[in-house]
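J.:
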Amino acid sequence: MLLKWSLLFLCLFITTPSVTLDEFSKGKQQQHFPQELKKKQLYLGMTLKKFKKKAPKATRLDKESEFKIEYMEAVSDSSITSYSYLFTKDKEPLLYAITIAYKDMSTVRALAESLMGKPNNNEEWRMEPSIIKEDFTMAAWTFGHKLVYGATIINSEWEKGFQSN
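First residue of the sequence shown? That's 12 in our numbering, and the numbers climb one at a time after it.
1) Using a Cβ-Cβ cutoff of less than 6 Å, which residues in the same chain neighbour proline 67 once the five nearest sequence positions on both sides are dropped?
2) Figure out for me which residue from Leu48, Glu124 and Phe98 has the closest Cα to the Cα of threonine 70.
3) For aspartate 146, tell me which candidate among Ala162, Lys157, His156 and Glu135 has the shortest Cα-Cα distance.
4) Is the stretch 104-111 touching the stretch 136-146 in the sense that three or more CB pairs, one from each, lie closer than 8 Å?
5) What's the C-alpha gap between methionine 116 and tryptophan 152?
6) So, with DSSP's three-state summary, where would you put serine 117?
7) For methionine 83, collect the residues of the same chain with a Cβ closer than 7 Å to its Cβ; drop the 5 residues on either side in sequence, then sort them by chain order.
8) Would you mind giving the Cβ-Cβ distance between leucine 158 and valine 119, rounded to the nearest angstrom? I have them listed as a contact below 8 Å.
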């Protein structure tokens, strides 16, 4: 009888769909992303290798930099003109910043507040590691017609934290 129950439990455990830690954590940070970015299934901390599979239309910019690799993706969306992605310049580069450029500057701040509420760090948003289930802090801010997401990922320009306003 015990063997039957053990086998049944094992079968249920094996066939039950599970969510990987990677999917769980990216979902926690993606809850702060606009729908268009969520659809791309991109997230901060993603490897360049995974990024290339998810964003094949993004092209690498030839700007030489000591500390970052930059990709740009032009978009013909009704509200977005482009996405910009920054990666650490490591053996295995990690995505540490995503910038969304909107056509209409007047709606960017309202959009950000609808996603993340009122800013919790002067005029910016901070999401601590415990909130997004990551080993880095995520921040967001508006800059003209852009909404920027950044992370304190090792070897990024924000590794030691974000400057406060």
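Ideal Cβ placement from N, Cα and C applies to all residues, glycine included.
Note that the structure is predicted; figures quoted are calculated from it, not measured.
T.: The answer reads as follows:
1) none
2) Phe98
3) Ala162
4) no
5) 13 Å
6) helix
7) Ala69, Thr70, Leu72, Ser93 and Ser95
8) 6 Å
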